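Below is one structure, written out as structure tokens, with a few remarks after it.
Numbering (the numbering used here), first residue to last: 12 to 176.
Right, dumping it as structure tokens:
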């Protein structure tokens, strides 16, 4: 089981279990589940510039979202009671990545989504990496500004290799 460590600016760290979807599952299927009760959806700035990263804030608690995803994820039994998960959905040489985390306020859930090159299909995936995102080699630090009505949160995440978050 792969895990990803995500560190936030306010000294909170979470291990996200990395899941792949079962064969034949499309991005539209995931979107319908995670966006069913959205109160916010917008493209956000990474390191001060616009990119291909979007964020959704859902009124649903993370447990409800994970229960809805249970039949389409491989090895889902490990995700129960998780506070954060990363889901990979392959798409013709690219991968959609959803980082789903419990927001901790009013039982909301925050979902980050990005489409990145699949290292398995590209000779040099960093060549195809979305503009304004750090290249997928070595340690990466990203600063993400998120506005939810009156709530402002600043996330700083660190990741390694091609994890994208």
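Note that CB positions come from ideal geometry on N, CA and C, so glycine has one too.
Remember, predicted model here, so these are calculated numbers, not experimental data.
- Expressed to the nearest angstrom, what Euclidean distance is found between the alpha-carbon atoms of residue 224 and residue 86? One cannot answer for residue 224 here, as it falls past the ends of the chain, which runs 12 to 176.
- CA-CA distance, residue 125 and residue 33? The residue labelled residue 125 in the question sits at position 114 within the chain shown. The residue labelled residue 33 in the question sits at position 22 within the chain shown. Straight-line Cα distance between these residues: approximately 19 Å.
- Alpha carbon to alpha carbon, how far is residue 30 from residue 109? Here residue 30 is taken as the residue at index 19 of the chain shown, counted from 1. Here residue 109 is taken as the residue at index 98 of the chain shown, counted from 1. Their Cα atoms are separated by approximately 10 Å.
- Query: What residues in its chain sit with their C-beta under 7 Å from that of residue 83, if we drop five residues either side in the sequence?
  - Reply: Taking the chain shown and counting its residues from 1, one reaches residue 83 at position 72. Answer for residue 83: 32, 33, 36, 40, listed in chain order.
- Item | residue 49 to residue 72 span [Cα, whole Å] | As a working mapping, residue 49 is identified with position 38 in the chain shown. As a working mapping, residue 72 is identified with position 61 in the chain shown. So the two alpha carbons sit approximately 11 Å from each other.
- Query: Considering only residues of the same chain and omitting the five flanking positions on each side of residue 99, which have a CB-CB separation below 8 Å?
  - Reply: Taking the chain shown and counting its residues from 1, the one referred to as residue 99 is at position 88. Correct list, in chain order: 29, 30, 31, 32, 106, 107, 108.
- Task: Inspect the beta-carbon positions of residue 80 and residue 67 and report whether they are closer than 9 Å.
- Result: Locating residue 80 in the chain shown gives position 69, counting from the first residue. Locating residue 67 in the chain shown gives position 56, counting from the first residue. Cβ distance not < 9 Å, so residue 80 and residue 67 don't count as in contact.
- Item | Of the residues 129, 113, 53, the one placed nearest residue 104, counting alpha carbons only | Mapped onto the chain shown, residue 104 falls at position 93. The candidate whose alpha carbon is nearest that of residue 104 is 129.
- residue 152 versus residue 64: straight-line alpha-carbon distance, rounded: Position 141 of the chain shown, counted from the first residue, corresponds to residue 152. Position 53 of the chain shown, counted from the first residue, corresponds to residue 64. Residue confidence is low: residue 152 scores 49 on pLDDT, short of 50, so the model does not pin down where it sits. Its coordinate-derived value is still stated next. The alpha-carbon atoms of residue 152 and residue 64 are separated by roughly 15 Å.
- Task: Please name the residue in 70, 101, 120 whose C-alpha comes closest to that of residue 93.
- Result: As a first step, residue 93 must be located in the chain shown, where it is residue number 82. The option with the nearest alpha carbon to residue 93 is 120.
- Whole-Å CB distance - residue 45 paired with residue 102, under 8 Å assumed: Here residue 45 corresponds to residue number 34 of the chain shown, with the count starting at 1. Here residue 102 corresponds to residue number 91 of the chain shown, with the count starting at 1. About 16 Å; that fails the 8 Å criterion.
- Message: Using the three-state DSSP reduction, which class does residue 15 fall into: helix, strand or coil?
- Response: Numbered from 1 along the chain shown, position 4 holds the residue referred to as residue 15. Confidence in residue 15 is poor, its pLDDT being 43 and thus under 50, which makes the residue's placement too unreliable to answer from.
- Neighbourhood of residue 43 by C-beta distance below 7 Å, restricted to the same chain and skipping five residues each side: Residue 43 sits at position 32 when you count from the first residue of the chain shown. Once the five neighbours on either side are set aside, residue 43 has no close Cβ partner at all.
- Task: Run the proximity test for residue 38: is its beta-carbon closer than 8 Å to any non-hydrogen atom belonging to the ligand GDP?
- Result: In terms of ligand content, the structure shown is empty, and the ligand GDP therefore cannot be addressed.
- Over what stretch of residues does the beta strand (DSSP E) that includes residue 98 continue unbroken? The count along the chain shown starts at 1 and reaches residue 98 at position 87. That run of the beta strand (DSSP E) goes 95 to 102.
- Item | Assigned secondary structure, residue 77 (DSSP; H/G/I helix, E/B strand, else coil) | What you label residue 77 is simply residue 66 of the chain shown in a count that begins at 1. The answer is helix: DSSP assigns residue 77 an H, G or I state.
- Message: Which of the three DSSP states is assigned to residue 44 in this structure?
- Response: Start at 1 with the first residue of the chain shown, and residue 44 comes out as number 33. Reduced to three states, the DSSP call for residue 44 is helix.
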